[in-house]
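**Student:** Numbering-wise, this note's numbering comes out as the position in the sequence shown, counting from 1, plus 4.
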Amino acid sequence: MTTRRKPFSGSGDRPAGAAQAPSAARDKPDLELGYARLQRLYELSKLLTSYDGAGSVPELLQRVARTVPLRLALVLDARSSPPLLVAAHAAAVDEPELLAATEHARACVRRLSGAVAAPALLTVDPEPLPLSPRLVRKPPSRGTFAALPLLQNLRTVMGVLYVRGGQPLIEADLAFLSAAADQLSLACDRHAAWQREVRLRERAEALDRAQKELIAVVSHDLRNPLGAVLLGISTLRRWPHMSAEILRGHLDTMHRAAERASTLVHDLLDVARLDAGIMAVTLLPLDLAGAIGEAAELMTPLLESRGLRCETQVEKELKPVLADRERILQVFSNLIGNAMKFSRQGTAVSLLAWQEDGEARCCVADEGNGIPAADLPRIFERYFQGPHGPTAHGAGLGLSIAKGIVEAQGGRIWVESREGGGSRFFFTVPFAS
Ligand SMILES: Nc1ncnc2c1ncn2[C@@H]1O[C@H](COP(=O)(O)OP(=O)(O)OP(=O)(O)O)[C@@H](O)[C@H]1O
Ligand SMILES: [Mg+2]
5 MTTRRKPFSG
15 SGDRPAGAAQ
25 APSAARDKPD
35 LELGYARLQR
45 LYELSKLLTS
55 YDGAGSVPEL
65 LQRVARTVPL
75 RLALVLDARS
85 SPPLLVAAHA
95 AAVDEPELLA
105 ATEHARACVR
115 RLSGAVAAPA
125 LLTVDPEPLP
135 LSPRLVRKPP
145 SRGTFAALPL
155 LQNLRTVMGV
165 LYVRGGQPLI
175 EADLAFLSAA
185 ADQLSLACDR
195 HAAWQREVRL
205 RERAEALDRA
215 QKELIAVVSH
225 DLRNPLGAVL
235 LGISTLRRWP
245 HMSAEILRGH
255 LDTMHRAAER
265 ASTLVHDLLD
275 VARLDAGIMA
285 VTLLPLDLAG
295 AIGEAAELMT
305 PLLESRGLRC
315 ETQVEKELKP
325 VLADRERILQ
335 VFSNLIGNAM
345 KFSRQGTAVS
355 LLAWQEDGEA
365 RCCVADEGNG
375 IPAADLPRIF
385 ERYFQGPHGP
395 TAHGAGLGLS
405 IAKGIVEAQG
415 GRIWVESREG
425 GGSRFFFTVP
435 FAS
């Protein structure tokens, strides 16, 4: 955007032209009027010390309109995201005039800055601007207007204070409006800097929290399996001649504990990758039926060892999806692992896939305990675990990682569950073409 300080002002609907010829009476130097305006400007500057974005603009517009008789006034500022667009108008102004003025203000920003302002939602102050009945009765004077640039860091045009006068705008009006726009520019800068600072502080606090959580998980969840391995080793050292059966029992326990530690380390690495935004997914065309078959094959021995059945159902001739094979298997493994932990013996865990709304949908369904309604909104949060707590051997990471992977592949994930009525986890995967 370029720097342009001169306001657009004039009549008609095009953002160009000079200010309308002021009436002789209004152009007379008037000391009293000047002092009154200085006083108003001072009050505006006091108001703007507590500027907080859209919430402060209506009061600003009302105060400007108490000094310069206005049909309507609006502020368009592209600094915030989405851009701020707030208007106020006199009771006589109808919606078409307001919308035309909004478009005109956008055109002015385009002309002043050379950039197109992103679309913004218009907020209108319900309180009408004060406009004397004498001026209202006059037909709208071919839209006498001014568009005062709002500058960022005193340099770059980021928006406008746009007004339509109740009567032709005189030099003194433009001087007042220009000073008001300058004060608003400074207030917007201060507000943007404050918002940046808040964002940075929140990010630093989130990182700090994440670090503390990580240390808590590592010190708590990793200590248990490592403790089990160390205990097994010291037992083997103390009784080197134990029977083969007891020896196998100790080795199995140590193996399971080491596996749990290894899974946890992998999960924590994935969490760190997601945090850093570097969860790499290699998206290639993938046959979902094949991937589901592989997931079922990998998990069936474990499911069967817990007395559970694995059932699969994939819609015929499902088109290839665009996904990372290893990561999709990881999502299935996390969801099936949960289904296994929270299911009763003799029930089934089902893996399904079909086409719906132009994308592939997958579902992992179980007939287990279900999830309490109060827990559903938090289920994908990191470290969240339900009422069973730590008994289920986990750190509460599986679902948050599954969500991260599904979203990195351009999909969504959600759950439907009822306490005592089983759970169904769904996720979508985009088709390859
Ligand atoms: N199929 C399910 N049935 C019932 N509750 C579930 C199911 N899946 C998840 N949950 C609940 O959601 C919580 C979070 O699941 P998540 O997979 O993130 O963590 P976890 O399984 O406890 O630990 P981890 O996955 O790190 O080993 C679980 O602790 C459990 O309370
Ligand atoms: Mg899990």
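We put the CB at the ideal spot given by N, CA and C, even for glycine.
Taking the alpha-carbon positions, what's the R416 to R70 distance?
**Tutor:** Along the sequence shown, read from residue 1 onward, the residue named residue 416 stands at position 412. Along the sequence shown, read from residue 1 onward, the residue named residue 70 stands at position 66. For R416 and R70, the distance between alpha carbons rounds to 52 Å.
**Student:** Tell me Q317's beta-bridge partners as DSSP assigns them.
**Tutor:** If you number the sequence shown from 1, residue 317 lands on position 313. According to DSSP, Q317 bridges with L356.
**Student:** How long is the line joining the alpha carbons of E315 and L355, rounded to whole angstroms?
**Tutor:** Mapped onto the sequence shown, residue 315 falls at position 311. Mapped onto the sequence shown, residue 355 falls at position 351. Straight-line Cα distance between these residues: approximately 6 Å.
**Student:** Determine the extent of the beta strand (DSSP E) in which S427 is found, giving its start and end residues.
**Tutor:** Along the sequence shown, one-based indexing puts residue 427 at 423. Element bounds for S427: S427 to V433.
**Student:** Taking the Cβ atom as the reference point for each residue, do V72 and V90 lie within a distance shorter than 8 Å?
**Tutor:** Locating residue 72 in the sequence shown gives position 68, counting from the first residue. Locating residue 90 in the sequence shown gives position 86, counting from the first residue. Contact flag unset, no.
**Student:** Just how far apart, CA to CA, sit L302 and G253?
**Tutor:** Looking up residue 302 in the sequence shown gives position 298. Looking up residue 253 in the sequence shown gives position 249. For L302 and G253, the distance between alpha carbons rounds to 24 Å.
**Student:** Taking R165 as the reference, which of L155, L322, K50 and S84 has the closest Cα?
**Tutor:** Translated into positions along the sequence shown, residue 165 becomes position 161. The residue asked about is misnamed: residue 165 is Leu in this sequence, not Arg. It is L155 whose Cα lies nearest to the Cα of L165.
**Student:** Judging by CA-CA distance, which residue of A300, L333 and L326 is the nearest neighbour of Q317?
**Tutor:** Counting from one through the sequence shown, the residue named residue 317 turns up at place 313. Per the Cα distances, A300.
**Student:** Under three-state DSSP, which class holds L230?
**Tutor:** Position 226 of the sequence shown, counted from the start, is the residue given in the question as residue 230. Reduced to three states, the DSSP call for L230 is helix.
**Student:** Which of the three DSSP states is assigned to W243 in this structure?
**Tutor:** Along the sequence shown, one-based indexing puts residue 243 at 239. Reduced to three states, the DSSP call for W243 is coil.
**Student:** Rounded to a whole number of angstroms, what is the C-alpha to C-alpha distance between T395 and A276?
**Tutor:** What you label residue 395 is simply residue 391 of the sequence shown in a count that begins at 1. What you label residue 276 is simply residue 272 of the sequence shown in a count that begins at 1. Here T395 scores only 49 on pLDDT, less than 50, and its place in the model is too uncertain to base an answer on.
**Student:** For the segment 331–351 and the segment 365–385, state whether three or more C-beta atom pairs, one from each stretch, are separated by less than 8 Å.
**Tutor:** Yes, since at least three Cβ pairs between the segment 331–351 and the segment 365–385 fall closer than 8 Å, the two stretches touch.
**Student:** Taking the runs of the beta strand (DSSP E) that are 3 residues or longer, which of them lie wholly in the segment 66–91?
**Tutor:** The segment 66–91 contains these whole beta strand (DSSP E) runs: 74–81.
**Student:** Using CA atoms only, rank isn't needed, just tell me which of A191, L268 and A124 is closest to A82.
**Tutor:** On the sequence shown, residue 82 is found 78 positions in, with the first residue counted as 1. The candidate whose alpha carbon is nearest that of A82 is A124.
**Student:** Is any heavy atom of ligand 2 found at a distance shorter than 7 Å from the C-beta of N342?
**Tutor:** For the purposes of this step, residue 342 is identified with residue 338 of the sequence shown, where counting begins at 1. Yes, the Cβ of N342 comes within 7 Å of a heavy atom of ligand 2.
**Student:** Given 7 Å as the limit, tell me if S182 has its C-beta closer than that to any heavy atom belonging to ligand 1.
**Tutor:** Counted from its first residue, the sequence shown places residue 182 at position 178. The answer is no for S182.
**Student:** Is D370 a contact residue of ligand 1, with contact defined as CB to any heavy atom under 7 Å?
**Tutor:** For the purposes of this step, residue 370 is taken as residue 366 along the sequence shown, with counting starting at 1. Correct: D370 has its Cβ closer than 7 Å to ligand 1.
**Student:** Cα separation between L333 and E298?
**Tutor:** Sequence index remark: in the sequence shown, residue 333 carries index 329 (1-based). Sequence index remark: in the sequence shown, residue 298 carries index 294 (1-based). Computed Cα separation, rounded: 8 Å.
**Student:** Ends of the alpha helix (DSSP H) at R159?
**Tutor:** For this step, residue 159 is matched to residue 155 along the sequence shown. Note, R159: premise wrong, no alpha helix (DSSP H); not H, not E.
**Student:** With DSSP collapsed to three states, give me the class of L312.
**Tutor:** Translated into the one-based positions of the sequence shown, residue 312 becomes position 308. Here L312 sits in coil by DSSP.
**Student:** For S136, which residues of its own chain have a beta-carbon under 7 Å away from its beta-carbon, when the five flanking residues on both sides are left out?
**Tutor:** As a working note, residue 136 is residue 132 in the sequence shown. Closer than 7 Å at the Cβ level, and outside the excluded window around S136, lie P73.
**Student:** Closest by CA to L480, which one among V325, D279, D98 and R264?
**Tutor:** What is shown of the chain runs 5 to 437, which leaves residue 480 out entirely.
**Student:** Is N338 a contact residue of ligand 2, with contact defined as CB to any heavy atom under 7 Å?
**Tutor:** If you number the sequence shown from 1, residue 338 lands on position 334. Checking the Cβ of N338 against ligand 2 gives yes.
**Student:** Please work out which residues of its chain come closer than 7 Å, Cβ to Cβ, to V97, disregarding the five sequence neighbours upstream and downstream, and give them in chain order.
**Tutor:** To locate residue 97, count along the sequence shown from 1; it is residue 93. Excluding residues within five positions, the ones whose Cβ falls inside 7 Å are R75 and L76.
**Student:** Could you check what DSSP says for V368 in three-state terms: helix, strand or coil?
**Tutor:** The residue you call residue 368 lines up with position 364 of the sequence shown. Here V368 sits in strand by DSSP.
**Student:** Does DSSP classify G350 as helix, strand or coil?
**Tutor:** One-based indexing of the sequence shown puts residue 350 at position 346. G350: coil per DSSP, three-state reduction.
**Student:** Which residue or residues does DSSP assign as beta-bridge partners of L290?
**Tutor:** Here residue 290 refers to the residue found at position 286 when the sequence shown is read from its first residue. Per DSSP, V325.
**Student:** Does ligand 1 have a heavy atom nearer than 7 Å to the CB of D212?
**Tutor:** One-based indexing of the sequence shown puts residue 212 at position 208. Checking every heavy atom of ligand 1 against the Cβ of D212, none is found closer than 7 Å.
**Student:** Would you check if there are 3 or more beta carbon pairs closer than 8 Å linking the segment 216–223 to the segment 253–263?
**Tutor:** Flag = no, the segment 216–223 and the segment 253–263 do not touch.
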